[in-house]
Structures are given as C-alpha cells and as structure tokens.
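Trainee:
Numbering (the UniProt record's numbering), first residue to last: 1 to 691.
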C-alpha cells in the first residue's frame, strides 16, 4: 500500500515519475497552478503591504478535491513541481491548499526526469524556498499592478479590451523602434567590381579592395569609371599571398533563448511551439517496453551553459568510440558563463548521450524527433574538438589598384562533422578555396563585373531575433520569452508577416500614449533593474514589499495624471472593398483574438463577420469550383483551403502554386527545406527546385 503522495504539474510527468518511484508512491498531477489572483479584480491590497488575494482557479475544484482525498490515505506528501520560481510557487499554493506546514521538508526538485535523478532527489527533500516564492509573487503582483492599472485607462481613452504589460510593452516598443528605423532609412549607393581571373586552368574571383594598401570605397559610377580607366589594358599580378590556420570552437549547449533561435532557423518553429515540444521531451516519452516513459532532456528554462560532470564524461566516451580520439579535445570543454546569467540550472542537454536520435526515432513524433536531434547534436558537438580551417588571401595588383581574393578550406572538421550553428540570414557556409598562387604570378583576366548596390535598412525582427535582443538587453527571463511573443500578437499590437514582426496602428498608438504617461515602463534600463531586483528577492537579499512600495509610489501618481490628462483616441476602422452579403453595407477590418477579420460596418444591427481570404490564384483540385485561399489556424499558423468551406473541405499546409505539374497537370505545392524550396506535385513524383 502507498504511503506517500507526490504531486507534479502534468499527467505526462506523473506517468514518468510514477514508473521510477514504484508502488509506495501515489503520483498525481495538479495541472499547473491551483490558486491565482482573481481575474475580475485587482486582487492586491495596496494599502496593506500588497497582500495578495488568492482564490482557487476556476475548474480546479475537482483537482483539489482529488488531491485532498489522496492526501488522507498517505503519511507524507511530496511536491515535485518544476525547479524554478514558478514551480516553487505552485508547490507553495499546493501546500496551502492541502494544509501542509511550510517548515515541512516536502519539496523535491530535479533538473532531469531520469531514474537516478528522481530517486536521488527523493533522498534529499527540502522545505519550500520562500525567497523563490516571494520573487515569483513579486513579479506576479508587479505585472498585475501594471496591467490592471494601465489597461482601464486605455479602455477609457482608446478602446475596450486593450492591455499593457511590463515586459510585453518593452518588446512592442523595440519592434516599433525598428520599424521607425526602417521608415527613416535613407539608402546609400555603393559599387563593387569583381574580376574573374584565370590561373592556369583554374578560375577564381577577386574584388576591388583599394589603391595601394588603403581601402577605397566605390561610391558612384564615376568612381567605377575612374577605376576601369586606370586599369584598362594592364596585367593582373599576384603581389602578396597570406596563408593562415584558423581554429573554430563549437557553440555551447543550448540555453532557452538559443534553443528558440536555432529551432526557428533550422526547423521553422515558433518560440511557443519550441517550448511546448521541449516540455514534452523533458516530462517524458514512452520508449517502449524496455525503458518505458523517460525524460529525454534536462529542464528547458535555463540561462546557464553549465553541464554535469557525469554528462560530460558520457559525451566524451561517446565521441571517443564513435569518431575517434582526434575528435576529442585533450581537456574537457567548459563554456564560459554568460554575463547576468542566474545559472540556477544546467544547460539544455539530452539526459543520456547514448539515446541517439536514430535509436529513439520510432518512439517520437516528427517534431519531437527534430527538436531532440537538434538538442542532442548541439550538446555532443559542444564537447568535440575544434574545427581547423586553412585560410588564404591574395592581393592582386593591376596598375595602382589592388583586388583581393579570399578563400578557406576545412582541414579538419572537428565538431563540424556533426553540427554547424545556423545563422539568421539562412545562408549556408561554403567551402571556397583559391588555386595555388605565387607572388609575381601573372593572371589572365576573363571578365570584369561592376555592380551597383544600395545599403539596406535593418531587417524587421523575427521571433528568434527579438528573443535574442531581449536576452542581450536583460529584459525578461527564460520563462517569459515565449509568453511575451504570444501576448503581443494576441493583443493585436504586432502581426506576423512573412515570419517578421510588424507593429499595428493600435500597437503604435498604445506605445505612444505609454511613452507620454508611463515612460518608466518602456525604459529598458528600468525593466532590467526590476529583473535584477527580482533576482535579489530570490537570493534573500531584499524584501519584496519594499521593492513594490518603491515602484508603486511613483506609478500610482502617474496613473492619476493619465486618468486626468490622457487624450481620447478614436481608432477609425479601415474600410474594405467588400460589401456585406447580408445587408449591403461596407465591411471593415477588425482585429480579434486570432488576428484581422472582416466585420459589417452596420454593427450592432448587422453582426456579420468573415475571415480575410487571400487568394493563391489556384482552383481547388477537389471541388473544381472554389479558389484556394490562405487561412490562419487558431494558433495563427498559415494553411491553405478551399473558399467554399464547409461545402468543400480541401486543406493543405503547403502553399499551392498557380502553375500545374508539367508531367500530369496536377496541383503543385511549395515544400520548404533547409537547402531551399522545392516545387512538388501532389499527384505524381515530379519535383524541381524553386528559382
């Protein structure tokens, strides 16, 4: 008979842990938080040391009843929520709801859900860490004061349903600032001149560098004409050849932000999807009869690149046996701690290097496999020897002008044999090398190619790039990145267009008003300092009430001023070209929970609404009548379907193209791959690269 009750957050985690603990333990899931501040009111007594008013979350009554009944049947209760502030707060609220003493050693934490880690954790239970609880509580109350303070003012002055948040507002401002940079950008002209040269039977390219040793920019066609005239009829001669050997070290194992960035680059995953799949891998996946349910990765909300010594040794043993001693660095690799990192947990890594992606692929979904493979390869590569590259550069003189050619070649792949970090522009690294060149060697000019260019504005933020910027500036913490991105899009402050974040008119209006009346909330330095104060609360160095008092004193005064002086802003609905099929009045664009949609301007007399349909120009292959249009799922993922839905239920995740298959005239779609886009027929096997 069981004598202990263990409470975790999710059924998947409960299943995995239950297998390790055996019959003496009942393992149940709380399904996340069981208590929170009420949604219908502020829920914070600002006159009484910010005392929170916690209530049972709606729908959690039956869960608590089940946990209380289970508690009566056992001698001891263990609270095994995730090892962070949020998990500590969940444990605290469970202890309160189950009448557990706070000085009771009931808290169990582990960074990975493996048999050894779980059993070891249960040998060392501890008391609930109230510093962690108070840090989470301070953040929750702080965000509640900001949100429930500013939002009603925005409802009154702008429109109902708006909200303002501490971290989300700064994120929106960053996106708007970038948009303003793009709007105000003035392109500048510049030119390049590339020479295609022959050395024996080999050809290579060299670009104009300057006159003599001095770098010279070609700013206009006049500069180019002057160069071409100066070198006309003159021989290209190798003046100097430089050879060097470069070592390139692997990237460290993933932290939360780098995982989200790399998953976006290589897998096209959005931040929320990455974290959801990582949570599944952490909580446990059933690997069949032999192993059962097992946690495959360590905790995925972390800012530390630190790894356990046992994991390091296992990885080194694997590298030695799989790749040989030349791929193993002499000394174990230790990656430098990032500035400002809390370093509370290990890096994100596989719980066992021996569970290779290929071995466990049959037990994983496609997305689980792809993310696990990314994490596994990054970790193992992080412990491998550096890559060695031979680099060469040659200065080639023609008259007084110098053209420069550069190249590099992998001499020893090292970690690159397994994994190469992605980049934001999507370009694949090329292994470009020059032919053997000697000083004084005469070269034959095959062609000269002058090209005009214009400087480009900074690109709009992708979700991954915004996460990186938030991390670099110290805004938010690993657990906040994905929810922040989700919130600012749900509120309609930004939209996602071609995977880039674009501010909406509504977002710009709200941020403009906040800049005027609540400048501290949008101040990056203020936000960073507040995160540091929360860290100090967690470390037990400062009282959480004092931090809130200091903030609220100024904030409350600004609220009073805003209520009196903020101007009312009327956002006019943008009128579309479409007429309402029910009453004939024009349809207008509205923004709702799932993005933009069309609504009748005659509301409330006419309540007709419909989605915005962007045609692909392709006739539906199923019903042969409708057009295939672009749609958005509830999770805002783009898909394609017939505009006659629900009469016709044709759908496709891949974008159809208007040109039919040249072999069978069937529908062709765009298939995205790492190496580019493939145009593939859905009826036969015909496919070709997209130009």
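Built from N, CA and C at the ideal position, the CB exists for glycine as well.
1. Just to confirm, is the Cβ distance from residue 316 to residue 335 under 9 Å?
2. Smallest Cα separation from residue 152: which of 632, 138, 660, 563?
3. In chain order, what residues of the same chain have a beta carbon less than 6 Å from the beta carbon of residue 470, not counting five sequence neighbours either side?
4. Excluding five sequence neighbours on each side, which residues of the same chain lie with their C-beta closer than 6 Å to the C-beta of residue 222?
5. Enumerate in chain order the residues of its own chain whose CB-to-CB distance from residue 243 is below 6 Å, with the five nearest sequence positions on each side excluded.
6. Check each candidate in 57, 561, 308 and name the one with the smallest Cα separation from residue 345.
7. If you run the structure through DSSP and keep just helix, strand and coil, what is residue 482?
8. Please state the DSSP three-state secondary structure of residue 545.
9. Using a Cβ-Cβ cut-off of 9 Å, state whether residue 535 counts as contacting chain B.
10. Short of 7 Å in beta carbon distance, which residues of its chain neighbour residue 68, apart from the five on each side in sequence? Order them along the chain.
11. Among all the DSSP beta bridges, which residues are the ones paired with residue 514?
12. Identify the residues that DSSP records as bridge partners of residue 211: which are they?
13. Quick one: any contact between the segment 284 to 294 and the segment 452 to 465, if contact means 3 or more CB pairs under 8 Å?
14. Roughly how many whole angstroms lie between the Cα atoms of residue 556 and residue 363?
15. Within 10 angstroms of the Cβ of residue 157, are there 16 or more other Cβ atoms? Answer buried if so, exposed if not.
16. Could you check whether residue 256 and residue 282 sit closer than 9 Å to each other, using their CB atoms as the reference points?
17. Could you say if the segment 397 to 407 and the segment 265 to 278 meet the contact criterion of at least three C-beta pairs nearer than 8 Å?
18. What first and last residue would you give for the alpha helix (DSSP H) that runs through residue 174?
19. In its own chain, which residues sit with a C-beta less than 7 Å from the C-beta of residue 124, not counting the 5 before and 5 after it?
20. Buried or exposed for residue 531, please, with buried defined as at least 16 other CB atoms from any protein chain shown within 10 angstroms of its CB.
21. Please go through the same chain and pick out, in chain order, the residues whose beta-carbon is closer than 7 Å to the beta-carbon of residue 506, but skip the five residues on each side of it.
22. Within the same chain, show all residues whose beta-carbon is closer than 6 Å to that of residue 677, passing over the 5 residues directly before and after it, in chain order.
23. Where does residue 687 sit, in a helix, a strand or coil, going by DSSP?
24. Decide yes or no for the touch test of the segment 622 to 630 against the segment 638 to 657: beta carbon pairs closer than 8 Å, at least 3 of them.
25. What does a CB cutoff of less than 6 Å around residue 413 pick up in its chain, not counting 5 residues either side in sequence?
26. Tell me which same chain residues have a C-beta within less than 8 Å of the C-beta of residue 664, skipping the five on either side of it?
27. Would you say the segment 28 to 45 touches the segment 57 to 73, given that touching needs at least three Cβ pairs under 8 Å?
28. Compare the beta carbon distance of residue 521 and residue 81 with 9 Å and say whether it is the shorter of the two.
29. Strictly by DSSP, which residues pair up with residue 700?
30. So for residue 63, helix, strand or coil by DSSP?
31. Counting pairs of Cβ atoms below 8 Å between the segment 195 to 210 and the segment 430 to 447, do you hit three or more?
32. Confirm the yes/no value for this check: CB of residue 289, any heavy atom of the ligand GDP, distance under 8 Å.
33. Sorted by chain position, which residues of the same chain lie with C-beta nearer than 7 Å to residue 119's C-beta, five sequence neighbours on each side aside?
34. Nearest CA to the CA of residue 324: which residue from 631, 12, 417?
35. Quick check: the segment 250 to 269 against the segment 370 to 385, are at least 3 beta-carbon pairs closer than 8 Å?
36. Taking a contact to mean a Cβ-Cβ separation below 9 Å, would you say residue 348 touches residue 278 in this structure?
Mentor: By the coordinates alone:
1. no
2. 563
3. 476
4. none
5. 392
6. 308
7. helix
8. helix
9. The displayed structure is made up of one protein chain only, and chain B is not part of it.
10. 98
11. Answer is none; residue 514 lacks a bridge partner.
12. 214, 401
13. no
14. 54 Å
15. buried
16. no
17. no
18. 166 to 184
19. none
20. buried
21. 492, 493, 571, 591
22. 670, 690
23. strand
24. yes
25. 387
26. 681, 683, 684, 686
27. yes
28. no
29. Since the first residue shown for the chain is 1 and the last is 691, residue 700 is missing from the structure and cannot be characterised.
30. helix
31. yes
32. Because no ligand of any kind appears in the structure shown, any question about the ligand GDP cannot be addressed here.
33. 20
34. 417
35. yes
36. yes
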